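Reading through the structure tokens given below for one structure.
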Amino acid sequence: MKSLLALAALSLTTSLALAADPQLTDAQVEPAFAKADANKNGTVDLAEAKKFGIAEKAFHKANPDKDGSLDKQEFAAAIVAQFVAANPDNDGTLDEKEARNAGIKSKSVFEAANPDKDGTLDIAEYLVALTATAK
Ligand SMILES: [Ca+2]
Ligand SMILES: [Ca+2]
Ligand SMILES: [Ca+2]
Numbered sequence: 306m307k308s309l310l311a312l313a314a315l316s317l318t319t320s321l322a323l324a325a326d327p328q329l330t331d332a333q334v335e336p337a338f339a340k341a342d343a344n345k346n347g348t349v350d351l352a353e354a355k356k357f358g359i360a361e362k363a364f365h366k367a368n369p370d371k372d373g374s375l376d377k378q379e380f381a382a383a384i385v386a387q388f389v390a391a392n393p394d395n396d397g398t399l400d401e402k403e404a405r406n407a408g409i410k411s412k413s414v415f416e417a418a419n420p421d422k423d424g425t426l427d428i429a430e431y432l433v434a435l436t437a438t439a440k
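Taking the working numbering, the leading residue of the sequence shown gets 306, the next gets one more, and so forth.
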């Protein structure tokens, strides 16, 4: 049992060490979360997440407590998971093709979310684009 715990601790440390993932601030997440939480109950369930453009895979990955919904922190983790999954070159940004794989199908949405016109979206710009796409 003790070694199992040690193993769990080790894998936790490893995943933390690998987590050079992009981060979202509360201020960035807030408007997106408010839009995604359509029934305003303070959490984003799977149906709400899908409508917002979060894939089921990212949803489950970000919901380790398996309670069927994402709180704000888990929601941010889902966005990050989806961003990372769509960014195999790991350069911290999504080009247009990568963004399409992450649910940004519209070129005009991509352009609008990328005011610096550098051809790529960072995580904050990606979340803006996703929020603009969401119904
Ligand atoms: Ca909700
Ligand atoms: Ca949860
Ligand atoms: Ca990239």
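Virtual Cβ for every residue (Gly too), placed ideally from N, Cα, C. As the structure is a prediction and not an experimental result, all values here were calculated from the model.
So the candidates are the options; which of them puts its Cα closest to the Cα of residue i?
i    : options                : result
A434 : D370, F357, N392, A386 : F357
A339 : D376, K371, D421, Q387 : D376
H365 : Q387, G347, N346       : Q387
V389 : D421, G424, N406       : N406
Where does residue i fall in DSSP's three states?
i    : result
L478 : Because the chain is modelled from 306 through 440, residue 478 falls outside the range shown and cannot be assessed.
D326 : coil
D400 : strand
T425 : strand
S374 : strand
S448 : Only positions 306 to 440 of the chain appear in the structure, and residue 448 is not among them; the question remains open.
Go through its chain and collect everything with a Cβ distance to residue i's Cβ below 8 Å, but skip five positions before and after it.
i    : result
K251 : No answer is possible for residue 251: the residues shown for the chain start at 306 and end at 440.
What's the call for residue i, buried or exposed, on a 16-neighbour Cβ count within 10 Å?
i    : result
G408 : buried
A332 : exposed
T330 : exposed
L321 : Note that L321 scores 46 on pLDDT, short of 50, meaning its location in the model is unreliable; the coordinates nonetheless yield the value given after this. Answer is exposed; the Cβ neighbour count stays below 16.
A344 : Position check: residue 344 holds Asn in this sequence, whereas Ala was assumed. With fewer than 16 other Cβ atoms within 10 Å, it is exposed.
D342 : buried
Within a Cβ cutoff of 7 Å, which residues of the same chain sit near residue i, ignoring the five residues on either side of it in sequence?
i    : result
E353 : A341, D342, A343
Whole runs of the alpha helix (DSSP H) within the region 332-366, excluding any shorter than 4 residues: 351-357, 361-366
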